[in-house]
Every structure is written in structure tokens, then in C-alpha cells.
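Read the structure below first, then the notes.
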Amino acid sequence: MNLRAKLRQLDWLGYAVVLLICITAVWPFLSRASLPLETDAELHIYRLAELSRLVWAGEFYPRWSPNFYFGYGYPIFNYYAPLGYYLALPFELLPGVDAVGAVKAVFVLSALAGGLGMYGFGRENWGRPAGWVATAVYVYAPYVLFIDPHARGVLAETVALGIFPLALWAFERLRRQVTAWRLFTAVLTMAALMLAHNLLAMVYAGILLAWLIWWLLRSTTHLPFTIHHSPFTILFAYLLGIGLSTFFWIPVALERNAVNLNTVVGEAGSHFDFRTHFLSLSELFAPSAWLDWGATEPVYLYNLGVAQWVLGGLGILFLLGRGWQFGRLSAEKRGAFWQAHLHQPLFFALAFTGLLFLMLPLSTPLWEAIPLLPFIQFPWRLLGPAVGMLAVLAGYAVNEQLAMSNEQRGGFVTHVGWVVPGVAVGMALMAGWPLTQVPPWPADFGDTSVARVAYLETRGRWLGTTSTADFVPATVDVVPERRGQLIGALFENESPDRINYWSVESVGATAVGEEISPLHFRYQINTPEDFIFRLYLFAFPGWQARLDGQVVETDVGRPDGFLVVPVPAGEHLLEVRFVNTPARWLGWGVTAVSLLLLLALMWRVRGEQSWPPPHFVWSEARGVVGVTAVLTIAFIFIEPTGWLRYESLTVAQPAQTQLDVNFGDQIRLIGLDPPRNIHAVQQGETVRLNLYWRAHQPLDINYQSFVHVLAADGQLVTQHDKLNPAEFPTTRWPLDKYVRDEYAFTLPLDLPPGEYRVVTGFWVATEGWRLPVWDALEQQIGDNYQLFELRVTSDER
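In my numbering, the protein residues as written are 49 to 845.
Written as C-alpha cells, this is what we have:
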């Protein structure tokens, strides 16, 4: 088949509708300049800018970031999934496009990829209307639409959410017919999935493997083992995809002990402890709240979405109905019926059930028993894979409805069969619209230079674009303070001089440095005696020292973890360069072998032709096309009016109780969400509440907050104190928005039953004084405010 014929086969209308469905989902990215400063997107932008500088300097796959961590460098690129940055890199290298625009482009492409993949998978199995419904259900799921790209700003995870449907589609096409092109796309998307996000790669790889085995077990009966049989080919393609990604994963696995990973799996009660991030069924199935533009961080739920569980739930109901029909069939008819109606959707229903279970507290023993699960950190992270399963089931539901319509000979159902897909798409779009109303962010992100990163590190927001010291070399016992010698150069956007001149001058030696590349340094050293040459550079596997052309063994300076090189007396040329370790060479080797095997297999199956796309049935598609076009155009006109959002001005509208408590004319308490039942709280119970604060004037002090439980005599019973109320310093609180502050305290098991006062306030930890509480006449009436009284009851039965 020539190229012209293939182009004629392309499903132009199908893809155009997918584009329409996705436009409103990515509208905030398309309609606004810049990106937010207060999400993980900010960190990804700085990493991309660092990668770009290294690539321009000739380091095409750097595993080390030399300018982070006060200029000491650290191996973030050796351990963090690289695909998102390399997808953004071509955009960043274009004239007029900076790292901000490049990261934004990847967010948009990820949404389009997810929509396209879901459409393709649904179309392959159940036709175009099913594919469009699956696209809408997936792209407009709260986690995919808002939480990951906007609320969290996690580039890598968003990329994984976009690639998984593409991989599912690619393997489905390969399962149906083995061709060289289908083999290539399946292997490529599998490799991309493994390189997109470290944690979701494990989840998605497990789902795909289970799905392939699901088909393999049914399809291999009485088949000889040959590579041309698609059940074995898809499994081989899966392994080749993993093999292509081993240049990244083998070093991660074999060099995992070379860095600090203790913060990746949190201790009990910490932020990264999975036990603190389970969801309830009520939250999972709750409708999404509209976003409040008057909040610094609008409240949102970790939910599945109403349209998602309604349409996906219909798929499960249809599946149950078909299962009942299956039970009534004769044995000779069951095989064909199972294959046509049950086999494919049943897997996704089971997968959804498993993912749903893992997000609930009931699964705690499983999380504790399986060693890799705690690395996922947040059980709610499985919302992305779960809505993928629901999207497939929603597509299946549409197909079953259309099949039922076709089975009817005349009557109302036949004439409106095409309406159902359009209504389903419209339902998903309209339910998701409020979550596209993301609060505005500054139009100017600022520069992404080395100086900017160094400035932010000195301000203490984070080090090396991480806030928990993950990926710091394990030889760093204590993270050293910044040194003006390095910081000064970084502030000037220059390469820092990493020579420890004290170690040189203490023996009367001299040293002159030269940077050949960001990961290759040369030093001319003249010393009257043997000494230890020290560099302000974290030691890590891969740093190689050559003295006068000969490799010499390096050491580590404790407790800072700096690289040190023994230098004998005399004049010497020392070169320090970052090179591949055996683990990295092994990774590259396995990747190369996998690529060669892929090319050989593609050559083996060459000449096979792909099947054309399913026959287009306009009568079943017109509803989807019309509804999607109308709603997309309507959204573009409705969105500027603000109908889909609200903005709290003088009060915090989401608060259950409105307040106005003046803390020293500095901060006002404007709202409270009390515990569910303050009149019957048991001993040992954890009590949760939310407070809503608003800065009354620009604050030049970082205040600390407290919620104390006091007995009748004023004795402190339990408390929850915060260094940074609402999780960021009060000096950064805006004047035009309120902050929502979550608190939780656990009552002692031996606490006597009775009435207890719950109070709140602010203090300055460094000086020990509290903000006063003023009345309407600005007279002090205390140094705390009573929120409510708590009645504690015994837990004895």
C-alpha cells in the first residue's frame, strides 16, 4: 500500500473529534502565558533548563546536575525518569521558546496523547463512538484533568497518564495483527511508559503484563510456539520495551544504595507514609467541587468523578448482564459469546476493582506485605490508572447500548441509538468543566537561569529541586552550608570554581582550574609535597580522576561527602570527569541488544499489511460530533464569563462556619470546619478540623500557629503546632486570598471523659511571644481564640 492510500485510510474525522474533546481540557495552558510558581511544575522547569544547558555544552545524556545543591551538584538525572524532559527539550531548543513554554507544551501533548490512546483502544474494540466516550471519560477525570497537571503540577506523572492509553492501543493493535509498524509502536510506547515516571511505571507495567497474560492464556491453546503467533509476539514486544528502557533502570537498581532514598518511603505518620493517604469511598465517589479563586490553594477532592463512575459503572452493569446471559447459553455457544462480550471488559472491571481496593484503608495489610508498594507513597496516585479502567468500561457500555439498539427491530431505541454516545461525551465534558477553571497564575514566570536556582536554594525553599534530600549521595553525612566562592559565581551565571583553596595553600601548593565541559574539569597543580586535593563537589560513582593521564583512586571527605584526590609532590595535570560506571554500561548494552532484537523482529515480519480502520458509520457518530462541537464552542464563550467558578472576597465561602477574629491586626481567622461530632469524641480518636486565615496586612514575620486542647484547669492535653501555617511561610501570604489550614490531633487513650476547650492562635517561636486577640475596639481580650468545646467520652463498651 502506497503512502497516498495510507493517508486516505486515516481516520481524520475521528481524530478531529478527539482534538475537540481535548481542547477545553487543556484550555488553561493554551489561553494563558507562563505556568504557576507554587507547584511541582516549577521544579520541572528548572530541571529542564539545567538539562538544556548541559545538552548545549555537549552532555547529551547527563546523569549529574552540576549547578544544583549550592553548586556541589547531585545525580538527579541518574534516578528521576527522563522522558518528560527529553520530550520538552526539542521545544526548548526552538527560537523564542523557553523552558516554561516547553514544559507547558508537554502538559498539552500528554492530554492529547491520553485522549488519542483511549480513542484508539475504544475504536479498535467497539467502534468510534465508544472510542470518543472513552476519551472524554479519561481526559475529563478529575485526577487527569486537574489534580496532576494543575494542583500538583507533576510533569512526569502527567506524561505517564498520557502514554499509558497509547501503549494499551499499540498492544491491542499488535494483538490483532503482527506487522513491523505495529511491533515498533508497541515496543516504543512500552519503553516510553517505563521512562515516563518511576512509580507509575511499576503500576502500569503490572497492569499491561496482567492484560497480556490474560490474553495469552486464552489464545495459546493448541498453538505451537512460534514468533509469528501474536500471543507470544506481544509478550516479546513487552519485554523488548522494558529492555529499551534499561539504560535508565539498571543504574537505578544497581546504584540505589549510592544515594539517599530514605525519604522516598516515609516513616509512620510522615508525609510520604502511605497510611496517611488512603481515601474513603465517600470521597472517591463524591462530585467535584467548584474551584474558589479566592483561595491560595482551592479545595479539591481525590475523587473518580461523577461522569466517570456513572458511565464506567454502566459498563460494569452491562458486564453483569452479559454474564447472566452467558450462564444461560449452551456450551457450544459460550466460547464465541465470551470472546465477543466478556473477555476484554472483564479484565478491566477486575483491574478497576483491585485498584479501588488498594486506595482504601482495608488494603493496609497488602501495602505492608508487598515490599514495592510503599514506594508508590500515595494510594490516591492509583486514581490515574483506575480512571483508565473506567474509561475503557465506559466505551464498552456505549457499544453494548448500540448493540442492544441494533437488536431492536424498529421502535424508539433504534432511532435514538446514536444519541447515547453524544450524551455520554457531553456529560463527561460538562462535569469536568468546573475543574478547567484553574485560578490565574502570574503571567511572568521569571528567568530559569543558574542564578535564579541558586537564589531560591539560598532562600531555603528546596535544594536541588527536591525538598526531602532524596538522591543526595549517600556519602554526604551532613549537607554542607553554601560557600560564597561557588554561590557568587552561580549568581553571575558563571561556572563555579570548585577548588578548596585551603587544602592547596596549607601545603604551599598552587592549583589553576579550567572547565572543559560542565562534567569535565582540568587542573594544573604544583605542590612541594604530597597532599590531598579537595574539591567542592559531591563524590559519587562515575567521577573519575586522571593524574598525568593515569586513573587514580579518589576518596570521600567526611562529613561533607566531597570528592578528594591524593596528589604527590611535583607538577601534575589532573582531570576530573563524570563517566559511565559498569552499571551504566550494562544498561546501555541491554538497551542496544534490545534495539537490535527489535530491528531483527521487524525485518522478520516485514511485508505484513495493517488492517484498515473500522468502517465509519455516520448514523452512530453524528451525535458525538454535534454535541462535542457545540459544547467546545460554548465553553470557549462561557469560560470568560466566570459562570463555572466562584471567588471568595471578604469571607471563605467553603468554610462551614464564618468567623472574623482579629489577631493583632496581622491575621484574621475567617472560617472554621469543625470536626463531625464534637459532642461525642472517644479517647484515642484523631480529631481533624480546618481553619481559614487571611493576612490583614503585608507580614514581615513568619508566625507559627497552634491548635491546643485544654482541660478545665487550663492544662494542655494535646496539640498540633505548625512551623508554617497552611504549609507555607506567613510572609508569603497574599492579601487578596485566604489560606486553608488543616489540623489533626489525637486524644490520649487515658484522657478522662469531660469537656475540653479547643483554642488556636499564633506565636513567634524564636522569641516566644504570641499575637494578641483583639475585639472590635482593638482591645486585647486574650492570646488565643476558643474554636469550640469538645466532649470526650470513654471508649469502653
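C-beta: ideal position from N, C-alpha, C; glycine also.
Three-state secondary structure assigned by DSSP to residue i
{"i": "P482", "result": "helix"}
{"i": "P857", "result": "With the chain covering only 49 through 845, there is no way to say anything about residue 857."}
{"i": "N305", "result": "helix"}
{"i": "H756", "result": "strand"}
{"i": "I580", "result": "strand"}
{"i": "Y128", "result": "coil"}
{"i": "N772", "result": "coil"}
{"i": "R200", "result": "helix"}
{"i": "W112", "result": "coil"}
{"i": "H568", "result": "strand"}
{"i": "F77", "result": "helix"}
{"i": "G474", "result": "helix"}
{"i": "L764", "result": "strand"}
{"i": "W510", "result": "coil"}
{"i": "F296", "result": "helix"}
{"i": "L14", "result": "Beyond the ends of the chain as shown, which are 49 and 845, falls residue 14; an answer cannot be given."}
{"i": "N574", "result": "strand"}
{"i": "Q449", "result": "helix"}
{"i": "D88", "result": "helix"}
Separation of residue j from residue i, as counted between CA atoms
{"i": "Y350", "j": "S328", "result": "10 Å"}
{"i": "A184", "j": "R223", "result": "25 Å"}
{"i": "I749", "j": "A743", "result": "12 Å"}
{"i": "E448", "j": "L365", "result": "10 Å"}
{"i": "A434", "j": "M242", "result": "18 Å"}
{"i": "I535", "j": "P114", "result": "13 Å"}
{"i": "K381", "j": "W174", "result": "21 Å"}
{"i": "P299", "j": "P419", "result": "20 Å"}
{"i": "G392", "j": "V187", "result": "Looking at the sequence provided, one finds Gln at residue 392 rather than Gly. Q392 and V187: Cα-Cα distance of roughly 21 Å."}
{"i": "V103", "j": "M407", "result": "40 Å"}
{"i": "G458", "j": "R370", "result": "Since pLDDT at G458 reaches only 46, below the 50 mark, its modelled position is unreliable, and the value read off the structure follows with that caveat. Answer to the nearest angstrom: the Cα atoms are 22 Å apart."}
{"i": "A334", "j": "V526", "result": "45 Å"}
{"i": "L538", "j": "F118", "result": "8 Å"}
{"i": "A502", "j": "V471", "result": "52 Å"}
{"i": "T841", "j": "V757", "result": "15 Å"}
{"i": "W372", "j": "S378", "result": "13 Å"}
{"i": "A439", "j": "F396", "result": "9 Å"}
{"i": "L583", "j": "W633", "result": "26 Å"}
{"i": "Q730", "j": "I69", "result": "50 Å"}
{"i": "A499", "j": "A147", "result": "15 Å"}
{"i": "L367", "j": "L394", "result": "7 Å"}
Contact test: residue i Cβ vs the ligand ADP heavy atom, cutoff 7 Å
{"i": "E529", "result": "Judged by which ligands are present, the structure shown has none, so any question about the ligand ADP falls away."}
Cβ neighbour criterion (16 or more within 10 Å) applied to residue i
{"i": "Y549", "result": "exposed"}
{"i": "D708", "result": "exposed"}
{"i": "R788", "result": "buried"}
{"i": "A64", "result": "exposed"}
{"i": "W684", "result": "Reading off the sequence shown, one finds Ile at residue 684, where the question assumed Trp. By the 10 Å Cβ count, I684 comes out exposed."}
{"i": "N126", "result": "buried"}
{"i": "V806", "result": "buried"}
{"i": "V672", "result": "buried"}
{"i": "L838", "result": "buried"}
{"i": "H92", "result": "buried"}
{"i": "V624", "result": "buried"}
{"i": "D596", "result": "exposed"}
{"i": "Q356", "result": "buried"}
{"i": "T900", "result": "No answer is possible for residue 900: the residues shown for the chain start at 49 and end at 845."}
{"i": "F273", "result": "Confidence at F273 is low in this model, with a pLDDT of 40, below 50, so its placement is unreliable and the value that follows should be read with caution. It counts as exposed."}
{"i": "P279", "result": "buried"}
{"i": "A813", "result": "exposed"}
CB contact below 8 Å: residue i versus chain E
{"i": "T676", "result": "This model lacks chain E altogether, as it is built from one protein chain only."}
Hey, which unbroken runs of the beta strand (DSSP E) at 3 residues or more fall wholly within the segment 590-633?
-> 591-595, 598-600, 603-605, 610-615, 618-626
Touch check for the segment 433-449 and the segment 164-179: three-plus C-beta pairs under 8 Å?
-> yes
Mind listing, in chain order, the continuous beta strand (DSSP E) runs of no fewer than 3 residues lying wholly within the segment 718-751?
-> 734-743
Would you check if the segment 251-259 and the segment 373-390 touch, i.e. whether three or more CB-CB distances between them fall below 8 Å?
-> no
Does the segment 597-616 come within contact of the segment 640-650, defined as at least 3 CB pairs closer than 8 Å?
-> no
Specify whether the segment 823-833 and the segment 761-774 touch according to this definition: at least 3 beta carbon pairs, one from each stretch, less than 8 Å apart.
-> no
Which parts of the segment 148-220 are runs of the alpha helix (DSSP H), unbroken and 4 residues or longer, counting only runs that do not cross its ends?
-> 176-187
Considering only residues of the segment 333-400, which uninterrupted alpha helix (DSSP H) runs meet the minimum length of 4 residues and lie entirely inside it, listed in chain order?
-> 354-376, 379-385
How do the segment 203-216 and the segment 162-169 stand: do at least 3 beta-carbon pairs fall below 8 Å, yes or no?
-> yes
Taking 8 Å as the threshold, find out whether the segment 286-293 comes into contact with the segment 225-240 through three or more Cβ pairs.
-> yes
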